[in-house]
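Novice:
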Amino acid sequence: MLLYLLITCLSCFFFAKSLSLPPWTSKTKTLLSFYFSKNFFTNILHPTKPDLASPVLGQMSILDLPDLPLDCILDNLSPSGLCSMARVCSSLRERCVSDHLWEKHLKTKWGKILGPSAHKEWQCYLSSPYHLDSPHHQTSHHGLTKIISLIRSLSSILGDDNHRRRYPSSIPLDSTMSFYLSLETGRFWFPAQVYNRENGHVGFMLSCYDAELSYDTHTNTFQARYPPHGRRAIAVEKDVTWERIRAAPVDASPHHLYVSDSLNELKPGDHIEIQWRRNKEFPYGWWYSVVGHLESCDGNLNHCQCHISETLVLEFNQYTVGSRWRKTMINRRDHREKGNEEDGFYGGIRKLNCKEDIEMWKRLWPSSILE
């Protein structure tokens, strides 16, 4: 009996395969496939009221999907999509605020300018009892309006405009989502470094200074606050672009001498950054320079002994020949802060081994030689 049934089924199968269908059937199949797939994802992303006349469709829910496809859908959503999905129900909210979903977005957009000091500052920010009410950490009206528009009316997640100073319990303060949104709204000022501070002022060309930065989503730029120079007020710069910002490459305070660990290996042609400050009340900035040859050396590599000399020549080729800023010399064996009130003070040195860092300085090179 079973053998007879098997033979019958196989015969029907091969007979059906042998029939040639009209050409329009393949197009119909494609359209139907597109319709059902489109309808499926429409129901997922824009849930509607179930039709009482269709009990089967009324029972369908994104939560009925297995974990793997559901995670794949959430993993491919943008930050605004995750926020919108989190408004659907409490179960999806728990998934959409998960750190692993937001870490990718944090790294993609903010990873290049967030260093260890920024993450450390975020932890201090969270532990501060007044961090949500501090005037330095409040979101501007334009920034808040923009971010609420960006993430499609997140009143159920971030709170409305009248309650923007507090987060709801549905978003843990120490979550990656909270970190991302605090950066996106400009609420959190994070430490980083800015190339050519104060809009490329001639006195800061080819330098990089520490600053606190706040993002303005309305202009896609940053506001920078620089440490005070002695008794001077804090300098503030607006409209700082992404290209001018970097994470601090070393964990060094702008007020302390950086302990150099590469002095003995430096040789002519090496690219370096050196700390410099106008006087001892000012913070250090990092300045680009190239290791040069001693005056007694003709530059011939076959006879050059500059790499074993105790004296290290540093050249700042953005300045004209003869300028007092063009060249300085330090002792590589016993290096410490060197300088005076007239020429400023030179501090620690770090060698540039990354081609990307060197290319960045070359892109910032001034269009004309400085005096």
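Heads up: the sequence shown runs through residues -20 to -1, 1 to 351, numbered per mature numbering (1 follows the signal peptide of the UniProt record, and there is no 0).
The beta carbon of each residue, even a glycine, is placed where N, CA and C say it ideally should be.
#1: If I follow the unbroken alpha helix (DSSP H) through Tyr105, where does it start and stop?
#2: Sorted by chain position, which residues of the same chain lie with C-beta nearer than 6 Å to Phe325's C-beta, five sequence neighbours on each side aside?
#3: Around the C-beta of Thr156, are 16 or more other C-beta atoms found within 10 angstroms, so that it is buried, or is it exposed?
#4: Taking the continuous beta strand (DSSP E) assigned at Ser71, which residues delimit it?
#5: Using the rule of at least 16 other Cβ atoms within 10 Å of the residue's Cβ for burial, across every protein chain shown, is Leu48 buried or exposed?
#6: For the alpha helix (DSSP H) containing Thr308, list its first residue and its last residue.
#7: Hey, could you find the ends of the alpha helix (DSSP H) Thr88 is sitting in?
#8: Could you give the DSSP three-state label for Val271: helix, strand or coil?
#9: Can you tell me which of Trp102, Phe202, His236 puts its alpha carbon nearest to the alpha carbon of Gly327?
#10: Tell me which same chain residues have a C-beta within less than 6 Å of the C-beta of Ser135, skipping the five on either side of it?
#11: Rounded to whole angstroms, what is the Cα-Cα separation between Met65 and Ile254?
#12: So which of Ile53, Glu336, Gly249 has the shortest CA-CA distance to Pro229?
#13: Around the C-beta of Ala213, are 16 or more other C-beta atoms found within 10 angstroms, so that it is buried, or is it exposed?
#14: Rounding to the nearest angstrom, what Cα-Cα distance links Arg330 and Tyr175 in this structure?
#15: Start and end of the beta strand (DSSP E) containing Ile254?
#16: Helix or strand or just coil, what does DSSP make of Asn320?
#17: On the CB-based measure, 16 or more other CB atoms within 10 Å of its CB, does Gln285 come out buried or exposed?
#18: On the criterion of 16 or more Cβ atoms from any shown chain inside 10 Å, does Trp341 qualify as buried, or is it exposed?
#19: Express the C-alpha separation of Glu351 and Ser303 in angstroms, rounding to a whole number.
#20: Is Gly265 helix, strand or coil by DSSP?
#21: Could you pull out every residue in the same chain whose Cβ sits closer than 8 Å to the Cβ of Pro234, ignoring the five residues on either side in sequence?
#22: Ignore the nearest five residues each way along the sequence and tell me which others in Ala98's own chain have a CB closer than 6 Å to its CB.
#23: Name the residue from Glu295, Glu192, His315 whose alpha carbon lies nearest to the alpha carbon of Glu101.
#24: For Ile42, which option in Val68, Cys63, Ser58, Thr300 has the closest C-alpha, if you only look at C-alpha atoms?
#25: I need the boundaries of the beta strand (DSSP E) containing Lys218, first residue and last residue.
#26: So Thr197 packs on Asp219, CB below 8 Å; how close in whole Å?
#27: According to DSSP, is Ile225 helix, strand or coil?
#28: So what does DSSP say about Ser194, is it helix, strand or coil?
#29: Determine the closest residue to Glu321 out of Arg177, Ile310, Leu163, Asn259, with distance taken between C-alpha atoms.
#30: Considering Cα atoms alone, identify which of Glu275, Asp250, His181 is closest to Leu344.
#31: With DSSP as the reference, label Glu295 as helix, strand or coil.
#32: Contact check, Gln298 vs Leu153 under 8 Å by CB: the rounded distance?
#33: Helix, strand or coil for Arg67, going by three-state DSSP, please let me know.
#34: Taking the C-alpha atoms as reference points, what is the distance between Asp314 and Asp323?
#35: Measure the C-alpha to C-alpha separation of Glu83 and Asp278 and round it to an integer number of angstroms.
#36: What do you get for residue 407, buried or exposed, if any count of 16 or more other CB atoms within 10 angstroms of its CB means buried?
Specialist: Considering the structure as presented:
#1: 96 to 107
#2: Arg257, Glu317, Gly319
#3: Flag for Thr156 reads buried.
#4: It is not in any beta strand (DSSP E) - Ser71 instead sits in the alpha helix (DSSP H) that spans 70 to 76.
#5: exposed
#6: Looking at the DSSP string, Thr308 is not in any alpha helix (DSSP H); the run it does join, the beta strand (DSSP E), is 307 to 311.
#7: DSSP places Thr88 inside the alpha helix (DSSP H), whose first and last residues are 79 to 90.
#8: strand
#9: His236
#10: Low local confidence applies: a pLDDT of 40 at Ser135 is under 50, so the model's placement there is unreliable, with the coordinate-based value given in what follows. Around Ser135: no qualifying Cβ.
#11: 49 Å
#12: Glu336
#13: exposed
#14: 16 Å
#15: 251 to 257
#16: In this structure, Asn320 counts as strand in the three-state DSSP scheme.
#17: exposed
#18: buried
#19: 6 Å
#20: strand
#21: Tyr189, Asp190, Pro207, Pro263, Tyr264, Gly265
#22: Short of 6 Å from the beta carbon of Ala98, and not among the five residues preceding or following it, lie these beta carbons of its own chain, in chain order: Phe170, Pro171.
#23: Here the closest residue by C-alpha is Glu192.
#24: Ranking Val68, Cys63, Ser58, Thr300 by CA distance to the CA of Ile42 puts Val68 first.
#25: 215 to 220
#26: Not quite, the Cβ-Cβ distance comes to about 13 Å (not below 8 Å), so this is no contact.
#27: strand
#28: strand
#29: Closest by alpha carbon: Asn259.
#30: Considering only alpha carbons, the answer is His181.
#31: strand
#32: So it is not a contact: roughly 45 Å between Cβ atoms.
#33: In the three-state scheme derived from DSSP, where H, G and I count as helix and E and B as strand, Arg67 is classed as coil.
#34: 20 Å
#35: 54 Å
#36: The question about residue 407 has no answer, for the chain in this structure spans -20 to 351.
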